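In case it helps, full-length UniProt numbering puts the sequence shown at residues 1 to 653.
A virtual CB, placed ideally from N, CA and C, is assigned to each residue, including glycine.
A quick note: this is a predicted structure, and the numbers were derived from the prediction, not measured.
One structure below.
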Amino acid sequence: MSTTLDPTDTGVSTAAIPVTHPLVPLQAAEIRTVKQVLGDAGLLGETVRFVYVGLEEPHKQVVLSFTAGDPIERRARVMLLDRATGAGSDHVVSITERAVVGSVQLDSRTQGQVPIIDEEFEDIEKYLLDSAEWIAAMSSRGIDPAKVRAVPLSAGVFGHEDEVGHRLCRVLAFHQDDGADLPWAHPIDGVVAYVDLTEGRVTKVIDEIELPVPADRGEWDAAPHGTPAPRTDLKPIEITQPEGPSYSIDGNEITWADWTFRFGFDVREGLTLHTLSVADGGVQRPVVYRASIAEMVVPYADPSPVRYWQNYFDQGEYLFGRYTNALELGCDCLGEIQYFDAVIADEQGEPRVMKNAICMHEEDFGVLWKHTDMFNGMAETRRSRRLVISFFLTIGNYDYGFYWYLYLDGTIELEAKATGIVFSSAYRGPEGFSTEMAPGLGAPFHQHMFSARLDMAVDGTTNTVSEVDAVRVPMGPENPWGNAFRQQKTVLATEAEGARLADNLKARVWHVTNPNKKNYLGQEVGYALHPEGQPALLADPSSSIAARAAFATKHLWVTRYDEAQRYPSGDYVNQNPGDAGLPSYIAGNRPIEGEDVVLWHTFGLTHFPRPEDWPVMPVDYAGFKLKPVGFFDRNPALDVPSGTKKSHCCSGD
């Protein structure tokens, strides 16, 4: 039996999806039910706010064994904050049974805090204007406090005893002369305010040094560079699919070429992909059960007294999915576009529709395979294309896009795009920790570290992970001329062994194989994770951020599947003292060979900003690929037809 929601009962959208599968995203009517159940249980009140509401997904085996018509129990996970006391709580609500089936009260001293909500940040400038210390700091700099834009940021944990158990943020300031001015161009550096979000007051102002406020305006079209004249030498590129797109949509299930998968949207993770499988010989073969970007952290390198604490977990502390952009045809995506709305809960527990949150389309991707043979006259070329499903968000100064690509040859790729405006500071000279972007304006060195959670299912849930390196063979009887090299495969047998670093000098990849399934050559079928191999976390191993973002200290972690282990830095990241998440997940050192495994892959950017990144940063890229290795018996894209319309391939006759 399935649960079907009345599209006219959502109150915010008429595009409700019938709940015919356990992985259909939460619907507006369900969010309303969640609020009513929590209210009936006495868990709401005038000062209680909804921090997080998301689908509590069933156990993996429940989903994999599901068949159409089976009963579906719908559950939601909810985090609440009482603004009056700072108390956070975590609940599971059965929508089907209309009951609260689990509750946890957070211990803020040991577990940390629930994520920060917008309502808390909206009050910050008032708290600053009520602080005599802050007003004095601005006055000594000759700055009108009314023209100061406060940027409240997560506080982290640094062993300050007077902060333990308090819900805090730290505030940096920027000057905005008028409504069009870009505050990021005018950092008021050398001073920081500490704010208690529950008490609603500034508790401390650290005024280290008075530094000149950079004067140049920073709007993209402002002086000193002036309004750029639009180029006239770029001719239009038209992307058309006169017969329509090649994909089909059934609720949240997508079929394209040989691929079938479901998508979801979570306010913490953003876009999620589920049950990715590829058709081979008429059989759908699973590859990945669930794929998401489960966390990201942006640690900064400025050790000054006012900035040493600067690092942000954009998902665990801020729930970045709520800042998803409404995408527009011709700007964010090109071609024959399919948009999907996302429904989330606002801070009052009411459903909110984010229009055009997800974009899906096809792209041409150059040559897929090609050969011209001197012996048999073969002259064949096939063009590649890929399915793109993506979303874009703006969080503070940065904008991030996350693009999942599916290819005709069985490859899966994730590409993260970083753009927007670099976080600025005053420039303290060439021996400091920033790049001078404009006169007197600095941009601190930092990293963008992402964690992809890849719940694998390569031809089933019995998988083994091996590290595969390219190694030289020493000169000797086996290699008399010294030219030999081979692959060296090392099985990762336990979770402790599964914490690994990339090594590009060895062309290191990680194979995920199914020991129970063989291709026609007798090889174990598998997929390979290809890392980019950029630096892991550069902070000192004994630092606070290394403990709190332990996931970023390794490029790979492998764990046994556990439905409760969702986030690499743990469930409660805000003001958590550290060692939550992956370090605790692998503490038992469970065997992982021939098991149901989850890969956690760290990738990202190490950003030494350059003048070309100002005032708006061109997109920078980071990501990874999953490529079939022995999964198919031969090239799976031999059936791609050759192009029939020469006008699409060449000009002239």
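Open item on the list: Assuming glutamate 298 is part of the beta strand (DSSP E), what are its boundary residues?
Closed with: Mapped onto the sequence shown, residue 298 falls at position 298. Checking the sequence shown, residue 298 turns out to be valine, not glutamate. 283 to 299 is the span of the beta strand (DSSP E), which, as asked, contains valine 298.
Open item on the list: Contact defined as beta carbons within less than 8 Å: I believe residue 656 pairs with leucine 387. What is the distance between those atoms, to the nearest angstrom?
Closed with: Outside the shown range of the chain (1 to 653) lies residue 656, about which nothing can therefore be said.
Task: glycine 652, buried or exposed, once every other Cβ within 10 Å from all chains shown has been counted against 16 - done: Counting from 1 along the sequence shown, the entry for residue 652 is found at position 652. For glycine 652, the pLDDT reaches just 49, beneath the cut-off of 50, and the residue's location in the model is therefore unreliable, leaving the point undetermined.
Open item on the list: Nearer than 7 Å: is that true of the beta carbon of proline 541 relative to any heavy atom of the ligand MG?
Closed with: Annotation note on the ligand MG: not contained in the displayed structure, which lists no ligands.
Task: Beta carbon of leucine 599 nearer than 8 Å to that of methionine 456 - done: The sequence position of residue 599 within the sequence shown is 599, counting from 1. The sequence position of residue 456 within the sequence shown is 456, counting from 1. Taking 8 Å as the Cβ cut-off, leucine 599 and methionine 456 qualify as a contacting pair.
- [ ] Could you check the C-alpha separation between alanine 99 and glutamate 363 for me, to the nearest Å?
- [x] For the purposes of this step, residue 99 is identified with residue 99 of the sequence shown, where counting begins at 1. For the purposes of this step, residue 363 is identified with residue 363 of the sequence shown, where counting begins at 1. Looking at the two C-alpha atoms, the distance is approximately 46 Å.
TODO: Consult DSSP for aspartate 82 and reduce its assignment to one of helix, strand or coil.
DONE: Within the sequence shown, residue 82 is the residue found at index 82, counting from 1. Strand at aspartate 82.
Open item on the list: If you follow the beta strand (DSSP E) that threonine 435 is in, where does it begin and where does it stop?
Closed with: Residue 435 sits at position 435 when you count from the first residue of the sequence shown. Taken as a continuous stretch (DSSP letters only), the beta strand (DSSP E) holding threonine 435 covers 434 to 438.
- [ ] Determine, using beta-carbon pairs with one atom in the region 294 to 303 and one in the region 236 to 249, whether at least three such pairs fall under 8 Å.
- [x] Judged by Cβ distances under 8 Å, the region 294 to 303 makes no contact with the region 236 to 249, as fewer than three pairs qualify.
Open item on the list: Tell me whether the region 67 to 83 and the region 130 to 140 touch, counting them as touching only if at least three CB pairs, one residue from each stretch, are closer than 8 Å.
Closed with: Contact between the region 67 to 83 and the region 130 to 140 is absent: fewer than 3 CB-CB pairs across the two stretches fall below 8 Å.
Open item on the list: Restricting to Cα atoms, I'd like to know which of Val512, Asp216, Val63, Tyr400 is closest to arginine 262.
Closed with: One-based indexing of the sequence shown puts residue 262 at position 262. Residue Val63 holds the alpha-carbon nearest to the alpha-carbon of arginine 262 among Val512, Asp216, Val63, Tyr400.
Open item on the list: Restricting to Cα atoms, I'd like to know which of Ala549, Glu612, Leu521 is closest to phenylalanine 631.
Closed with: For this step, residue 631 is matched to residue 631 along the sequence shown. Nearest C-alpha to phenylalanine 631: Leu521.
Task: Of the residues Asp399, Leu638, Gly498, the one placed nearest threonine 464, counting alpha carbons only - done: Here residue 464 refers to the residue found at position 464 when the sequence shown is read from its first residue. Scanning Asp399, Leu638, Gly498 for the CA closest to the CA of threonine 464 turns up Gly498.
TODO: Would you mind reading off the limits of the beta strand (DSSP E) that contains serine 103?
DONE: Residue 103 sits at position 103 when you count from the first residue of the sequence shown. Taken as a continuous stretch (DSSP letters only), the beta strand (DSSP E) holding serine 103 covers 99 to 105.
TODO: Would you mind sorting serine 2 into buried or exposed? The rule is 16 or more other CB atoms within 10 Å of its CB.
DONE: Counted from its first residue, the sequence shown places residue 2 at position 2. Interpretation of serine 2 is limited by its pLDDT of 32, a score under 50 that renders its predicted location unreliable; the figure taken from the coordinates is listed afterwards. Exposed: under 16 other Cβ atoms inside 10 Å.
Open item on the list: So, with DSSP's three-state summary, where would you put glycine 420?
Closed with: The count along the sequence shown starts at 1 and reaches residue 420 at position 420. Correct three-state label for glycine 420: strand.
TODO: Could I get the ranges of all uninterrupted alpha helix (DSSP H) runs contained in the UniProt domain "Copper amine oxidase N3-terminal" (115 to 205), with 4 residues as the minimum, in chain order?
DONE: Here the runs fully enclosed are 118 to 122, 124 to 129, 132 to 140.
TODO: Quick one: measure Cβ to Cβ for valine 558 and alanine 528, integer angstroms, because I've assumed they're closer than 8 Å.
DONE: Here residue 558 refers to the residue found at position 558 of the sequence shown. Here residue 528 refers to the residue found at position 528 of the sequence shown. Between valine 558 and alanine 528 the beta-carbon gap is near 14 Å, outside 8 Å, which marks them as no contact.
TODO: With distances taken Cα to Cα, identify the nearest neighbour of glutamate 163 among Phe423, Leu172, Val195.
DONE: As a working note, residue 163 is residue 163 in the sequence shown. Answer by Cα proximity: Val195.
Open item on the list: Please classify aspartate 250 as buried or exposed, where buried requires at least 16 other C-beta atoms within 10 Å of its C-beta.
Closed with: Stepping through the sequence shown from its first residue, residue 250 is reached at position 250. It counts as exposed.
TODO: Could you spell out where the alpha helix (DSSP H) holding leucine 582 opens and where it closes?
DONE: Sequence index remark: in the sequence shown, residue 582 carries index 582 (1-based). From DSSP, the alpha helix (DSSP H) with leucine 582 extends over 582 to 585.
Open item on the list: Would you say aspartate 469 lies against chain D (beta-carbon separation less than 8 Å)?
Closed with: The structure shown contains no chain D; it is built from a single protein chain.
Task: Nearest candidate by alpha-carbon position, reference histidine 607, set Pro535, Gly594, Arg634 - done: Residue numbering aside, residue 607 sits at position 607 when the sequence shown is read from its first letter. Out of Pro535, Gly594, Arg634, Pro535 has the C-alpha closest to the C-alpha of histidine 607.
Task: Whole-Å CB distance - threonine 419 paired with proline 618, under 8 Å assumed - done: Indexing the sequence shown from 1 puts residue 419 at position 419. Indexing the sequence shown from 1 puts residue 618 at position 618. About 7 Å; that satisfies the 8 Å criterion.
Task: Closest residue to threonine 227 among Arg217, Lys235, Leu234, Pro236 (Cα-Cα distance) - done: Residue mapping note: residue 227 aligns to position 227 of the sequence shown, counting from 1. For the options Arg217, Lys235, Leu234, Pro236, the alpha carbon positioned closest to that of threonine 227 is the one of Arg217.
TODO: Write down every uninterrupted run of the beta strand (DSSP E) in the UniProt domain "AGAO-like N2" (28 to 101) whose length is 3 residues or greater and which is fully enclosed by it, in chain order.
DONE: Taken in chain order, the complete beta strand (DSSP E) segments of 3 or more residues contained in the UniProt domain "AGAO-like N2" (28 to 101) are 48 to 55, 75 to 82, 87 to 94.
Open item on the list: If you measure between the beta carbons of proline 636 and aspartate 280, is that distance less than 8 Å?
Closed with: Taking the sequence shown and counting its residues from 1, one reaches residue 636 at position 636. Taking the sequence shown and counting its residues from 1, one reaches residue 280 at position 280. Contact flag set, yes.
Task: Limits of the beta strand (DSSP E) - the one that alanine 546 falls within - done: On the sequence shown, position 546 is the one that residue 546 refers to. First-last for alanine 546: 544 to 548, but that is the alpha helix (DSSP H), not the beta strand (DSSP E).
TODO: Decide if the region 467 to 487 is in contact with the region 582 to 602; the criterion is three or more beta carbon pairs, one per stretch, under 8 Å apart.
DONE: Per the Cβ contact rule, the region 467 to 487 is not in contact with the region 582 to 602 (fewer than 3 Cβ pairs under 8 Å).
Open item on the list: Once the 5 residues before and after glutamine 111 are set aside, which same chain residues still bring their CB inside 6 Å of it?
Closed with: As a first step, residue 111 is located in the sequence shown; it is residue number 111 there, counting from the start. Same-chain partners within the cutoff: Tyr572.
Task: alanine 552 (DSSP reduced to helix, strand or coil) - done: The residue you call residue 552 lines up with position 552 of the sequence shown. For alanine 552, the secondary structure class from DSSP, reduced to helix, strand or coil, is helix.
- [ ] Classify aspartate 571 as helix, strand or coil using the three-state DSSP reduction.
- [x] Counting from 1 along the sequence shown, the entry for residue 571 is found at position 571. In the structure shown, aspartate 571 sits in coil (DSSP, three-state: anything other than H, G, I, E or B).
Task: Rounded C-alpha distance that separates proline 531 from glycine 440 - done: For this step, residue 531 is matched to residue 531 along the sequence shown. For this step, residue 440 is matched to residue 440 along the sequence shown. Here the alpha carbon of proline 531 sits roughly 37 Å from the alpha carbon of glycine 440.
- [ ] Report the rounded CA-to-CA distance for glutamate 380 versus proline 25, giving the unit in angstroms.
- [x] Working through the sequence shown from its first residue, we reach residue 380 at position 380. Working through the sequence shown from its first residue, we reach residue 25 at position 25. Separation of glutamate 380 and proline 25 (C-alpha to C-alpha, rounded to the nearest whole angstrom) is 44 Å.
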